[in-house]
Amino acid sequence: MNTSTLIAPPALVRRAEQQDTQAIQALDSAHYMHPFTDHGGLATRGARVITRADNIYVWDSEGKKILDAMSGLWCVNAGYGRKELADAAYQQMMTLPFYNSFFNTTNVPAVQLAAKLASLAPTVGGRSFQHVFFSSSGSESNDTNVRMVRRYWDLLGQPERKVIISRNNAYHGSTMAGASLGGMSGMHAQGDLPIPNITHIEQPHFWENALGGESRADFGLRAARWLEEKILEVGAHKVAAFIAEPVQGAGGVIIPPETYWPEIQRIVDQYGILLISDEVICAFGRLGHWFAYEKFGYKPDLVTFAKGVTSGYIPLGGVMVGDRVAKVLIEHGGEFNHGYTYSGHPVACAVALANLELMERDNLVGRVKDDIGPYLAEQFAELKHHPLVGDAETCGFVAGLVLVKSKALRQMFDPDLSVGMICRGHCFKNGLIMRAVGDRMIIAPPLVMTRAQIDEMMVLVRQCLDATLDDLRTAGHLA
Ligand code: PXG
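Position 376 of the sequence shown, counted from 1, bears residue number 1408 in the numbering used here, the numbering being contiguous throughout.
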């Protein structure tokens, strides 16, 4: 059947909510290959069709209202329906919808955004960020990092420094370099990854990797020293950089112990290697700071950003280039043979400027730090009393809880039971979007959320946990 005759695409865009859901699903599975999706399975199940959004809610094609506790995909920091961002895009499109930044050319929004980001990035330990390289996504930005780091060491006469160390269960994107830097075994298994000269150490995941009786502080130091062991194993003279997320996002909201980052800083300083902070999720208020390295007090050389810079309204990413790298590239580099058609896209940059202005005006970063962040932490901590919850942690406006079979024995469920997916199913049914990563349930809500909306979300979270518990008891998996 040629399903494209069912609905003409322009009509689909104009009147999505009045369309027959099944017809949209048929057209979807006939033509649209989704990211990270079992396409055969999706064709059988049919995709959920999201048609509109406002504030912290999205609606599907059946008219169901859903509280989006994942901010789209960790990105809609300013919430949905912000007219200021639509106006900025409209005005920029009418003025200059596109021009490139190659061949000695620039455009005003890109210049203004670079300067704005430089002013927002705090100087730590005398290191500042005066330069920005733009891309359109987190993955592209990490490809830029690989190119930049290797160029840096080449220019310094140390071309043998090629190895970039990352961590298992990290997420750094889905391009060849991004997926290789990432530590997702499922991604490495497809397409001969990682590419050469990328290697991984274990993640600082207290629940999974701490020894019996080990304190968080001791575990944090031990986990950081895995980096030192790897540097010595590879040979310090061959190591170019270490890349890490301040708090792992896609890996399941893994919050490192407080001792972790200071020890990582000691190690990268001792061996002179570059430090890349991948803040695609953690920057722009997510952890209560414009940039997350400030929260943990470490001193990166390069910072990856994307998502929240435009609150996801339009694709934009980039790399904040610290003085140490910028100086070498600018003063000794000549032409850097790297860049994208859409580097410094004027419309994306104009939307980012409007987004940052709005975030400043509404104090979205400050309220995560001092108001709704601490409030979410209090509410989430209460979940530790729930029989299914082994641990519940927050950091700014991300939170994760682990579903366990026995708290006393620190015993997890059999992965084949897919307990996280059972819980996620109840979330959707109850009108809540929460992600499941294995048996970790995670949230990263829009930063505009009110305390009353946090209460509303917590009611839904508890209902989903209770329903999951009922299912497990009924099926005889719990006493
Ligand atoms: N780095 C980090 C830390 C990310 O979280 C990327 C890079 C790649 O960004 P782009 O824009 O190329 O997607 C990300 C993206 C999930 C999920 O399942 C998370 C991301 C992307 C898709 C799914 O939690 N993060």
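Note that CB positions come from ideal geometry on N, CA and C, so glycine has one too. Quick caveat: nothing in here was measured; it's all calculated off a predicted structure.
key: Contact under 7 Å by Cβ, C1381 with A1142   = yes
request  = Specify the secondary structure class of C1496 as computed by DSSP and reduced to three states.
outcome  = helix
key: Any residue whose CB is nearer than 7 Å to a heavy atom belonging to the ligand PXG, listed in chain order   = F1068, L1105, W1106, S1169, G1170, S1171, E1172, N1174, Y1203, H1204, G1205, S1206, G1210, E1277, G1281, A1282, D1310, V1312, I1313, T1336, A1338, K1339, G1349, R1467
key: Proximity below 7 Å, CB of Y1592 to CB of A1085   = Examination of residue 1592 is not possible in this model, given that the chain is present from 1033 through 1511 alone.
key: DSSP beta-bridge partners of N1174   = Looking at the DSSP assignment, N1174 forms no beta bridge with any residue, so it has no partner.
ask   = How big is the Cα-Cα spacing for W1091 and D1100?
value = 10 Å
request  = Hey, could you find the ends of the beta strand (DSSP E) W1293 is sitting in?
outcome  = Looking at the DSSP string, W1293 is not in any beta strand (DSSP E); the run it does join, the alpha helix (DSSP H), is 1292-1303.
M1186 - DSSP class collapsed to helix/strand/coil = Residue 1186 is actually Asp in this sequence, not Met. Helix.
query = Is there contact between the region 1162-1170 and the region 1183-1202, where contact requires at least three CB pairs shorter than 8 Å?
reply = no
message = Tell me the rounded alpha-carbon separation between C995 and V1400.
response = Here the chain comprises residues numbered 1033 to 1511, so residue 995 is not present and cannot be evaluated.
key: Enclosing alpha helix (DSSP H) for S1309 [first to last residue]   = From DSSP, S1309 is part of no alpha helix (DSSP H) but of the beta strand (DSSP E) over 1306-1310.
message = Could you check whether the region 1250-1262 touches the region 1448-1468, counting it as contact only if at least three pairs of C-beta atoms, one from each stretch, sit closer than 8 Å?
response = no
task = Less than 8 Å between the CB atoms is what I'm expecting for T1336 and D1310, so what's the real figure, rounded?
result = 4 Å
key: When P1289, N1387, V1469, L1464 are compared against M1489, the one with the closest alpha-carbon   = L1464
inquiry  = Can you tell me where the alpha helix (DSSP H) holding Y1407 begins and where it ends?
reply    = 1404-1414
inquiry  = Check for me: the beta strand (DSSP E) holding R976 runs from which residue to which?
reply    = Any property of residue 976 remains undetermined from this structure, which presents the chain solely from 1033 to 1511.
task = Thinking K1331 and L1348 are a contact (beta carbons under 8 Å), I'd like their distance in whole angstroms, please.
result = Actually they do not touch by this definition, with Cβ atoms about 25 Å apart.
Residue span of the beta strand (DSSP E) that contains E1425, given as start and end = 1421-1427
ask   = Do you know offhand how far D1060's Cα is from Q1297's?
value = 47 Å
ask   = Going by DSSP, what residues sit across from N1087 in a beta bridge?
value = Y1112
query = Is DSSP giving S1133 helix, strand or coil here?
reply = coil
ask   = Does DSSP put H1418 in a helix, in a strand, or in coil?
value = coil
request  = Give every residue of the same chain whose Cβ lies closer than 7 Å to the Cβ of Q1411, excluding the five residues on either side of it in the sequence, and list them in chain order.
outcome  = I1486, M1490
task = Ignore the nearest five residues each way along the sequence and tell me which others in A1409's own chain have a CB closer than 6 Å to its CB.
result = T1426
inquiry  = I'd like to confirm the pairing. Which residues does DSSP put opposite F1337 in its beta bridges?
reply    = G1350
ask   = Out of curiosity, what's the CA-to-CA distance linking V1493 and V1383?
value = 33 Å
message = Between K1115, Q1302, A1273, F1328, which has its C-alpha nearest P1294's C-alpha?
response = F1328
request  = Could you have a look at A1043 and say whether DSSP puts it in helix, strand or coil?
outcome  = A caution first: A1043 carries a pLDDT of 47, below 50, which makes its placement in the model unreliable, though a value can still be read off. Correct three-state label for A1043: helix.
task = Have a look at R1159 and A1324 and give me their C-alpha separation to the nearest angstrom.
result = 15 Å
ask   = On the three-pair Cβ rule with 8 Å, is the region 1243-1252 touching the region 1278-1292?
value = yes
inquiry  = If I follow the unbroken alpha helix (DSSP H) through L1145, where does it start and stop?
reply    = 1140-1152
message = Using a Cβ-Cβ cutoff of less than 7 Å, which residues in the same chain neighbour A1499 once the five nearest sequence positions on both sides are dropped?
response = H1458
task = Starting from the Cα of L1152, find the closest Cα among S1217, R1183, A1120, G1317 and give me that residue.
result = G1317
ask   = Count the other CB atoms within 10 Å of the CB of G1350; is the residue buried (16 or more) or exposed (fewer)?
value = buried
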